[in-house]
């Protein structure tokens with residue numbers, strides 16, 4: 020996704036596990052302190068959480084959420100049981116993906132916990148980069164989606180329910196993902212997140228001349244760049260670089276118009292072809308036709324069918 024953004028922060032947050040709008044559990048107060056492995060990790064859990072893993076968590080901006088997850092796993096027997104249920108419910112990726120193996124598969128709940136810790140440690144300080152005509156901004160969001168893809172236990176876990184008895188609360192997964200989101204957000208609000216902003220500003224697809232701040236040095240964080248302000252003609256109440264924009268004075272008489280909350284470049288749609296019972300996917304190069312067959316969230320149909328015309 021090549022986002023040029025006006026309010027794209029909302030887009031990414033909405034994709035973070037579907038947790039927006041859920042009352043936030045209280046932040047975990049305990050954090051791991053570097054050099055105090057023996058104080059924080061009980062002796063009988065040191066084969067589960069190694070000193071190396073502990074030290075990585077201790078210096079992470081997401082220390083508190085990861086420490087909470089680890090402590091809950093060690094101290095609450097419901098959490099290992101819940102992760103075993105998540106493992107049992109994992110589904111393989113849909114047909115058409117190069118590697119259909121679910122990336123969250125692990126031999127047991129201990130291994131799944133460590134996979135979660137390693138993944139979220141990397142995600143916490145991950146900074147999107149451009150690669151040719153694409154970018155990797157959604158790589159971790161897409162990866163985590165397989166944790167609960169068609170997996171009731173995974174959905175229960177991240178939504179604060181006990182997968183073994185969804186009528187009972189189990190706050191671990193909800194609190195962990197919620198706190199992690201806030202802590203990663205704080206990192207992306209910090210100067211440490213600026214590393215690749217010059218790369219994005221220099222990409223012609225960003226059209227940085229459309230925005231108020233046009234130099235990398237103008238920004239204090241990745242999030243400030245991501246939520247940058249587009250230039251607006253305040254007198255005419257239009258956006259000069261978007262000739263299709265409508266003056267505000269016309270809004271009351273045209274309330275049938277729906278305006279999307281983001282300014283972006285769409286990903287190419289993907290077309291499905293069947294040949295000898297096989298499925299292939301490729302980017303659509305021709306203009307869309309009503310009879311073009313599309314794959315939308317693993318549902319196949321023509322454009323005419325999706326538009327119901």
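Numbering (this note's numbering), first residue to last: 20 to 328.
Backbone N, C-alpha and C define an ideal beta-carbon position, used for all residues, glycine too.
Computed from a prediction, not measured in an experiment: that's the story for all the values here.
Secondary structure of residue i, DSSP reduced to three states
{"i": "residue 324", "result": "helix"}
{"i": "residue 196", "result": "helix"}
{"i": "residue 99", "result": "helix"}
{"i": "residue 311", "result": "coil"}
{"i": "residue 153", "result": "strand"}
{"i": "residue 181", "result": "strand"}
{"i": "residue 249", "result": "strand"}
{"i": "residue 257", "result": "strand"}
{"i": "residue 165", "result": "helix"}
{"i": "residue 319", "result": "strand"}
{"i": "residue 230", "result": "strand"}
{"i": "residue 158", "result": "helix"}
{"i": "residue 44", "result": "Note that residue 44 scores 38 on pLDDT, short of 50, meaning its location in the model is unreliable; the coordinates nonetheless yield the value given after this. If DSSP states are grouped into helix, strand and coil, residue 44 belongs with coil."}
{"i": "residue 90", "result": "helix"}
{"i": "residue 204", "result": "helix"}
{"i": "residue 242", "result": "helix"}
{"i": "residue 146", "result": "coil"}
{"i": "residue 215", "result": "coil"}
{"i": "residue 225", "result": "helix"}
Rounded C-alpha distance that separates residue i from residue j
{"i": "residue 209", "j": "residue 242", "result": "8 Å"}
{"i": "residue 101", "j": "residue 235", "result": "45 Å"}
{"i": "residue 85", "j": "residue 66", "result": "17 Å"}
{"i": "residue 119", "j": "residue 157", "result": "18 Å"}
{"i": "residue 247", "j": "residue 228", "result": "12 Å"}
{"i": "residue 143", "j": "residue 163", "result": "13 Å"}
{"i": "residue 76", "j": "residue 153", "result": "31 Å"}
{"i": "residue 245", "j": "residue 62", "result": "44 Å"}
{"i": "residue 256", "j": "residue 250", "result": "11 Å"}
{"i": "residue 125", "j": "residue 73", "result": "20 Å"}
{"i": "residue 169", "j": "residue 175", "result": "11 Å"}
{"i": "residue 313", "j": "residue 319", "result": "6 Å"}
{"i": "residue 139", "j": "residue 200", "result": "10 Å"}
{"i": "residue 54", "j": "residue 71", "result": "11 Å"}
{"i": "residue 137", "j": "residue 224", "result": "33 Å"}
{"i": "residue 151", "j": "residue 214", "result": "18 Å"}
{"i": "residue 49", "j": "residue 204", "result": "19 Å"}
{"i": "residue 171", "j": "residue 311", "result": "33 Å"}
{"i": "residue 159", "j": "residue 185", "result": "27 Å"}
{"i": "residue 161", "j": "residue 253", "result": "39 Å"}
Check whether residue i and residue j have beta carbons under 8 Å apart
{"i": "residue 198", "j": "residue 87", "result": "yes"}
{"i": "residue 219", "j": "residue 166", "result": "no"}
{"i": "residue 121", "j": "residue 134", "result": "no"}
{"i": "residue 206", "j": "residue 113", "result": "no"}
{"i": "residue 106", "j": "residue 146", "result": "no"}
{"i": "residue 78", "j": "residue 68", "result": "no"}
{"i": "residue 104", "j": "residue 187", "result": "no"}
{"i": "residue 202", "j": "residue 83", "result": "yes"}
{"i": "residue 149", "j": "residue 95", "result": "no"}
{"i": "residue 97", "j": "residue 181", "result": "yes"}
Cβ shell of residue i (< 7 Å), same chain only, five flanking positions each side left out
{"i": "residue 99", "result": "92 and 128"}
{"i": "residue 216", "result": "235, 238, 241 and 244"}
{"i": "residue 309", "result": "321, 322 and 323"}
{"i": "residue 44", "result": "For residue 44, the pLDDT reaches just 38, beneath the cut-off of 50, and the residue's location in the model is therefore unreliable, although a value from the coordinates is still provided. Contacts found: 190, 193, 194 and 197."}
{"i": "residue 230", "result": "247, 248, 249 and 250"}
DSSP bridge partner residues for residue i (one or two, in chain order)
{"i": "residue 188", "result": "180"}
Proximity test, Cβ basis, 8 Å: residue i and chain B
{"i": "residue 228", "result": "Absent here is chain B; the protein component of the structure consists of one chain."}
Cβ-based neighbour list, residue i, same chain, cut-off 8 Å, excluding 5 preceding and 5 following
{"i": "residue 58", "result": "52"}
{"i": "residue 212", "result": "146, 206, 240, 241 and 242"}
{"i": "residue 141", "result": "159"}
{"i": "residue 111", "result": "119, 120 and 121"}
Neighbourhood of residue i by C-beta, 6 Å cutoff - its chain only, sequence neighbours within 5 removed
{"i": "residue 326", "result": "none"}
{"i": "residue 56", "result": "70 and 73"}
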